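Read through the structure below, which is laid out as structure tokens, and then see the notes.
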Amino acid sequence: MDRTTTEWKLNLNTRATLLTVLLLIVGLGLWEGLNRAPILGGAGAELSEYELLMGGADETARVPPPSAIFERAWVELSNPFYDAGPNDKGIGIQLGYSLYRVLTGYLMAAAIAIPVGFLIGMSPLMYRALNPYIQVLRPISPLAWMPLALFIIRDAEASAIFVIFICSIWPMLLNTAFGVAGVRDDWVNVARTHELSPLKTAFKVILPAAAPTILTGMRISIGIAWLVIVAAEMLVGGTGIGYYVWNEWNNLDLTSVIFAILVIGVVGMLLDLALSSIARLVTYQE
Amino acid sequence: MSHAFVEVQQAAKRFPGIKGSPDLTVFENVSFQLQKGEFVCIIGHSGCGKSTIMNALAGLDSLSEGAMIMDGREIGGPSLKRGVVFQNYSLLPWLTALDNVRFGVRARWKEWKESQVTDHSLQYLEMVGLKEVVMRKPAQLSGGMRQRVSIARAFATKPELLLLDEPFGALDALTRGVIQDELLKIWSQDRQTVFMITHDVDEAILLADRIFLMTNGPEARIAEAVEIDLPRPRSRGEIVKHPHFYTLRNYLVDFLVNRASELRTAPQDRRGLHYPRSVNPVAEASASVTFRKADAQASAPPKLVTVTPKESHHG
């Protein structure tokens, strides 16, 4: 039975990969094909009356075809770190700025959310006292903080980091509290019967027990932070992948916009993969 | 006044009644002594408060009334002097079997070097026959193996009093037998004082020096302390052949089936400190011929019931 199961799984994986590739080819093919400007009278293709009148569709702006995007990607990725002035920086530099903001805000949030989450999870009193604040602050769109942050901090860069901070703190805080509160009494009793100090109990029993839940919160947070940074950078401007997208839109360079969208997706996926592989390290089976 | 190693006096556990109804008394006037090096099992139906007594001894739960003294000191909280083996193993699932035992050993001897901690832990894991699987996590071990790790962890810290809360309750009969033998083996080395909850009469006879019998809750009591004076070392195979085995067994089964629900010791022991009546069914059985008429009311002679050895669980 085992053998057949493994074979089936391998088979499934291979088939899934094949299907993925097939969908990609079909999708790109359609996109490419539908984007090509009709050739007037070529290959016996019949044109509609409108097209005949307009002399083809050359004059309409269209979404660039995949080939153009690949070409752009090749150009951009072969020299990602060039810096030719404020409005012309390589994609690598822009991504660097965005990642720096995301990671700074995110790590600051983690540094506060995890200890406070511990406190809330350990103490029903703190949970009840702080819960109303969390419930009110949590649903606020992070971008709503932007004007206030700009006014108080008076620095666009720091305001962007603050927005990342405020949006990534909640999932980490709540998941830490939830994970800590849910640690099984049996395990806490093991610590108690072995006379572990409160600090040692926290680090040796509660932290490893709650780690999978905490990591889930961190994974949600990094996803949200990466979503928000694009919007934040569109607002604050200057640098970053979000600004890059907006800048290319103002340049009416849709090829670069699509390329940047894909890059945002890939980087987001990599961030998630990084955290999920950390999560795998601390996951345990009961 | 107490000279015994462990002294429990007039312990009671009550829960407040709902909306003005009288408090629910799970047990009260529970007093007993444990001598150093003694193996005592406690048997009673579910809900009589065995686990509460055990958790109070461990320092994990508190009593409503009464005092618990170990070695001249009142038990006020958990301590490394009292090791606990829980029914659900309570291993930390993110640690390997070895690290689970090391966790206990390191907590016990903080000044030990890492290698010393490891060696000591391995020694106890070997004693329960787990040398080959020390690097596995609890999820990769069978129920029996997990309980062995738990037993190794408890014994490795060399507590003065070991509390076993139905340690074999979740195991199948075959595994249970093997681990009972291992428990006897590991216990006979250090001769720690052991207090164990069980539902298995045969297990209690095999392991214990004395068996405490609890009446049914609410208002449960420890009614009797049955002496098991079968010779040690004991083994599962040999013990059933001993002529006194079935006398003891029938006495215990009779208590659980018939007397646990009828017996009310409240009127006599409300007067003050009252230890469970010490009973030796073997001596009583042989003397009952002459005793029976004279003592019929004060101590009802054991009513012998016949049961097949297969029927081993009650409660």
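Heads up: the sequence lines are chains E and H, in that order. Read in our numbering, the first sequence has 236 at position 236, and its numbers run on one by one without any break. Read in our numbering, the second sequence has 1290 at position 290, and its numbers run on one by one without any break. Built from N, CA and C at the ideal position, the CB exists for glycine as well. The structure displayed is predicted, hence computed values, not measured ones.
CB contact check: residue i to chain E, cutoff 8 Å
i: L1161(H); result: no
i: L1092(H); result: yes
i: G1076(H); result: no
i: L1060(H); result: yes
i: F1086(H); result: yes
i: A1137(H); result: The sequence given here has Lys at residue 1137(H), not Ala. Yes, K1137(H) counts as interfacial toward chain E.
i: S1142(H); result: no
i: S1051(H); result: no
i: V1006(H); result: no
i: S1079(H); result: yes
i: G1072(H); result: no
i: A1107(H); result: yes
i: G1104(H); result: yes
Any chain H beta carbon closer than 8 Å to residue i
i: L28(E); result: no
i: D83(E); result: no
i: I280(E); result: It should be pointed out that residue 280(E) corresponds to Arg in this sequence rather than to Ile. With 8 Å as the cut-off, R280(E) does not count as an interface residue toward chain H.
i: V183(E); result: no
i: P115(E); result: no
i: W226(E); result: no
i: P208(E); result: yes
i: M1(E); result: With a pLDDT of 47 at M1(E), under the threshold of 50, the predicted position of this residue should be treated as unreliable, and no value is reported.
i: R192(E); result: yes
i: T175(E); result: Looking at the sequence shown, residue 175(E) is not Thr but Asn. Closer than 8 Å: no.
i: E297(E); result: Residue 297(E) falls outside the range modelled here, since chain E spans only 1 to 286, and no answer is possible.
i: D186(E); result: yes
i: L287(E); result: Nothing about residue 287(E) can be read from this structure; chain E reaches only from 1 to 286.
i: L196(E); result: yes
i: V180(E); result: no
Coarse secondary structure for residue i, derived from DSSP in three states
i: D83(E); result: strand
i: Q1116(H); result: helix
i: E32(E); result: helix
i: I222(E); result: helix
i: Q94(E); result: helix
i: I1075(H); result: coil
i: N13(E); result: helix
i: A43(E); result: With a pLDDT of only 49 at A43(E), under 50, the local geometry of the prediction cannot be trusted, and the value read off the model is given with reservation. Correct three-state label for A43(E): helix.
i: F1291(H); result: Because the pLDDT of F1291(H) is 48, which lies under 50, any placement of that residue in the model is unreliable, and the number read from its coordinates should be weighed accordingly. DSSP places F1291(H) in helix when its eight states are reduced to three.
i: K1013(H); result: strand
i: L1060(H); result: coil
i: D1200(H); result: strand
i: T216(E); result: helix
i: Q1033(H); result: strand
i: E1038(H); result: coil
i: I166(E); result: helix
i: E1007(H); result: strand
i: R1153(H); result: helix
i: I1081(H); result: It should be pointed out that residue 1081(H) corresponds to Lys in this sequence rather than to Ile. Three-state result, K1081(H): coil.
With 16 other Cβ atoms within 10 Å as the buried cut-off, status of residue i
i: V1006(H); result: buried
i: L215(E); result: buried
i: A1287(H); result: exposed
i: F203(E); result: exposed
i: A1294(H); result: Caution is warranted here: a pLDDT of 45 is assigned to A1294(H), below 50, making its placement in the model unreliable, and the coordinate value is therefore given only provisionally. Looking at its Cβ environment, which holds fewer than 16 other Cβ atoms inside 10 Å, A1294(H) is exposed.
i: V266(E); result: exposed
i: K1013(H); result: buried
i: D1190(H); result: exposed
i: V75(E); result: exposed
i: L1183(H); result: buried
i: A111(E); result: exposed
i: S1031(H); result: buried
i: T283(E); result: exposed
i: D1200(H); result: buried
i: P139(E); result: exposed
i: G85(E); result: exposed
- Message: Taking 8 Å as the cut-off, does the region 186-199 of chain E touch the region 250-262 of chain E (at least 3 CB pairs, one atom from each stretch)?
- Response: no
- Query: What runs of the alpha helix (DSSP H), each 4 residues or longer, lie entirely inside the region 1097-1150 of chain H?
  - Reply: The region 1097-1150 of chain H contains these whole alpha helix (DSSP H) runs: 1097-1108, 1114-1127.
- Query: Would the region 1050-1057 of chain H and the region 1123-1135 of chain H be scored as touching if the rule is three or more Cβ pairs under 8 Å?
  - Reply: no
- Query: Given 8 Å as the limit, is there contact between the region 1101-1112 of chain H and the region 1057-1075 of chain H, that is, 3 or more CB pairs closer than that?
  - Reply: The region 1101-1112 of chain H vs the region 1057-1075 of chain H: no contact.
- Counting Cβ pairs, one atom from each stretch, are 3 or more of them under 8 Å apart for the region 79-90 of chain E and the region 140-147 of chain E? With a cut-off of 8 Å, the region 140-147 of chain E and the region 79-90 of chain E do not count as touching, because too few Cβ pairs lie within range.
- Query: How do the region 224-234 of chain E and the region 164-171 of chain E stand: do at least 3 beta-carbon pairs fall below 8 Å, yes or no?
  - Reply: yes
- Item | Those runs of the beta strand (DSSP E) which lie wholly inside the region 1203-1281 of chain H and span at least 3 residues | 1210-1214, 1222-1227, 1277-1279
- Answer yes if the region 1086-1094 of chain H comes into contact with the region 1138-1158 of chain H, meaning at least three C-beta pairs across the two stretches below 8 Å, and no otherwise. yes
- Task: Entirely within the region 1160-1197 of chain H and at least 3 residues each: give me those beta strand (DSSP E) ranges in chain order.
- Result: DSSP runs (the beta strand (DSSP E)) wholly in the region 1160-1197 of chain H: 1161-1165, 1193-1197.
- Message: Using a Cβ distance threshold of 8 Å, determine whether the region 1014-1026 of chain H contacts the region 1191-1211 of chain H, with at least three qualifying pairs required.
- Response: no
- Can we say the region 1111-1126 of chain H touches the region 1162-1178 of chain H, given the rule of at least three CB pairs closer than 8 Å? no
- Query: Does the count of Cβ pairs from the region 1208-1217 of chain H and the region 1040-1047 of chain H closer than 8 Å reach three?
  - Reply: yes
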